[in-house]
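Numbering (UniProt numbering), first residue to last: 1 to 473.
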């Protein structure tokens, strides 16, 4: 699949800053496509000829080209015109198969580094006269800015992120003094929801908005955006209505010629975000309370095990206490995140220390950890924590009763997680164990972690447990 980055890196002779300028242009050029009702094509010169590096379609009109030409070389007759535009630094107009073509040199630091093709159907969809006149004047200004290296605007928000206004959402055309020249029907609706009932034509947009009573959210960038002096974004909130504004200054020779201010009603988006934030807070609180409850249960089990004396009862209570503590660690980490995903490396280290400290051996056990587990979903983190707890505790208590060394290695590759737990202990007489802890481990590995586990005796000395797990992204 051809992408702009790949085409520029493999086929063109542009340096990194020139390539970055073209990336910025294609991040912003949807504005030009929508205002000109045109398909856009970016042409670059390569070793094999002139190539189509990127393509965009308008949201305000039917596309001219149904096919995608990205990565393809253009015909010789078209390439000649494109090269002429780049070499002369001038706009070239042509007609081809029922469409009007404008070839615009893309200038960066005084040098034409590519050519922008604006391809428009000769008979565009019916557009109101007032709208068409304003859009044509805006389009001419944007084309001049591209040729002068003034568009895309430096430090402007590149691309369309969550809630960014587009031309189709609402457009306001203002002069250099911030006076309204034209407002699209959608823009009029957004302003009315804020409380601006009168026509904006002949009025100063910034003044109309700042005079509103009861505005609960005011950004310090608001005047600059509404006056069209900076290519930034801002939001206005009034009576539970939230409208985002984004300015695109129009310049010629570095002098301000006005601006277009795009606007969008994002009330529902912000409401949904608040709901999600509330749910995230609730989930974190639940995980926090679960962690507290599990720690209480763990403490009770510890107290009971101390009273049980030596024997099987005490060992069973200590094992249960260790399992509960492991799950509590997972919920503690979940209570500190905004999503149901945890960095399992932060979970595993305290679990490993806990198991090592409570295990009963004649001499100390040296534990090492190498690699990383990566990020794991909540339900899988709990299962993985219990599995690692069982394997490590069994290795220390049964494989290393007289002390020794335990090495844990983890290797994450996308969704695949490979783990090895190796000790230098007494080894295993049966490499297919059937105890309760082993049954718990095997069940969790196969059902919840979608993997497999294998116990093997090492050639030199000791045992190694190998896990291959399929972790969901």
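C-beta atoms are modelled at their ideal positions from N, C-alpha and C, and glycine is treated no differently. Just so you know, these numbers come straight off a predicted model, no measurement behind them.
Buried versus exposed, by CB contacts within 10 Å (16 or more), residue i
i: residue 276; result: exposed
i: residue 77; result: exposed
i: residue 96; result: exposed
i: residue 255; result: exposed
i: residue 460; result: exposed
i: residue 331; result: buried
i: residue 286; result: exposed
i: residue 465; result: buried
i: residue 248; result: buried
i: residue 128; result: exposed
i: residue 478; result: Any property of residue 478 remains undetermined from this structure, which presents the chain solely from 1 to 473.
i: residue 291; result: buried
i: residue 329; result: buried
i: residue 368; result: exposed
i: residue 187; result: buried
i: residue 303; result: exposed
i: residue 134; result: buried
i: residue 416; result: exposed
i: residue 94; result: exposed
i: residue 379; result: exposed
i: residue 422; result: buried
i: residue 463; result: buried
i: residue 436; result: exposed
i: residue 258; result: buried
i: residue 142; result: buried
i: residue 298; result: buried
Closest residue to residue i among the options (Cα-Cα distance)
i: residue 74; options: 36, 100, 64, 117; result: 117
i: residue 101; options: 82, 88, 111, 87; result: 82
i: residue 409; options: 401, 416, 420, 415; result: 420
i: residue 305; options: 233, 315, 296; result: 315
i: residue 29; options: 58, 7, 441; result: 58
i: residue 401; options: 365, 375, 372; result: 365
i: residue 107; options: 68, 25, 136, 176; result: 25
i: residue 169; options: 190, 177, 92; result: 190
i: residue 131; options: 231, 60, 389; result: 60
i: residue 294; options: 322, 109, 268; result: 322
i: residue 122; options: 188, 56, 38; result: 38
i: residue 318; options: 94, 384, 397; result: 397
i: residue 251; options: 233, 154, 274, 210; result: 154
i: residue 184; options: 470, 194, 146, 172; result: 172
i: residue 348; options: 391, 320, 279, 311; result: 391
i: residue 324; options: 336, 301, 309; result: 301
i: residue 175; options: 150, 228, 382, 142; result: 228
i: residue 215; options: 200, 193, 150; result: 193
i: residue 164; options: 469, 33, 426, 266; result: 266
i: residue 351; options: 336, 385, 32; result: 385
i: residue 428; options: 455, 119, 440; result: 455
Start-to-end residues for the alpha helix (DSSP H) that takes in residue i
i: residue 388; result: 378 to 394
i: residue 220; result: Per DSSP, residue 220 belongs to no alpha helix (DSSP H) and is neither H nor E.
i: residue 207; result: 205 to 210
i: residue 437; result: 436 to 443
i: residue 336; result: Residue 336 -> no alpha helix (DSSP H), and no H or E assigned at all.
i: residue 239; result: Looking at the DSSP string, residue 239 is not in any alpha helix (DSSP H), and its letter there is neither H nor E.
i: residue 475; result: Summary: the structure shown does not reach residue 475, with the chain confined to residues 1 through 473, and so no result is reported for it.
Range of the contiguous beta strand (DSSP E) that encloses residue i
i: residue 406; result: 404 to 413
i: residue 20; result: Unbroken run through residue 20 is the alpha helix (DSSP H), 16 to 28; no beta strand (DSSP E).
i: residue 432; result: Here residue 432 belongs to no beta strand (DSSP E), and DSSP marks it neither H nor E.
i: residue 11; result: Here residue 11 belongs to no beta strand (DSSP E); instead the alpha helix (DSSP H) covers 4 to 11.
i: residue 369; result: 365 to 371
i: residue 398; result: Neither: residue 398 is in no beta strand (DSSP E) and is coded neither H nor E.
i: residue 258; result: 255 to 265
i: residue 424; result: It is not in any beta strand (DSSP E) - residue 424 carries neither H nor E in the DSSP assignment.
i: residue 456; result: 452 to 457
i: residue 164; result: Unbroken run through residue 164: none, as it is neither H nor E.
i: residue 46; result: 39 to 46
i: residue 175; result: First-last for residue 175: undefined, no H or E at that position.
i: residue 465; result: 463 to 470
Rounded distance between the beta-carbons of residue j and residue i, thought under 8 Å
i: residue 404; j: residue 424; result: 5 Å
i: residue 326; j: residue 394; result: The pair is not a contact, with the Cβ atoms about 14 Å apart (cut-off 8 Å).
i: residue 54; j: residue 4; result: 5 Å
i: residue 178; j: residue 204; result: 5 Å
i: residue 341; j: residue 375; result: 5 Å
i: residue 217; j: residue 237; result: 4 Å
i: residue 64; j: residue 99; result: 5 Å
i: residue 246; j: residue 262; result: 5 Å
i: residue 147; j: residue 197; result: About 40 Å; that fails the 8 Å criterion.
i: residue 52; j: residue 71; result: 7 Å
CB contact check: residue i to chain B, cutoff 7 Å
i: residue 199; result: This model lacks chain B altogether; it includes just one protein chain.
Inside the segment 105 to 158 only - alpha helix (DSSP H) runs reaching at least 4 residues | 129 to 148
Which runs of the beta strand (DSSP E) fall wholly inside the segment 52 to 102 and span at least 3 residues, in chain order?
-> 92 to 96
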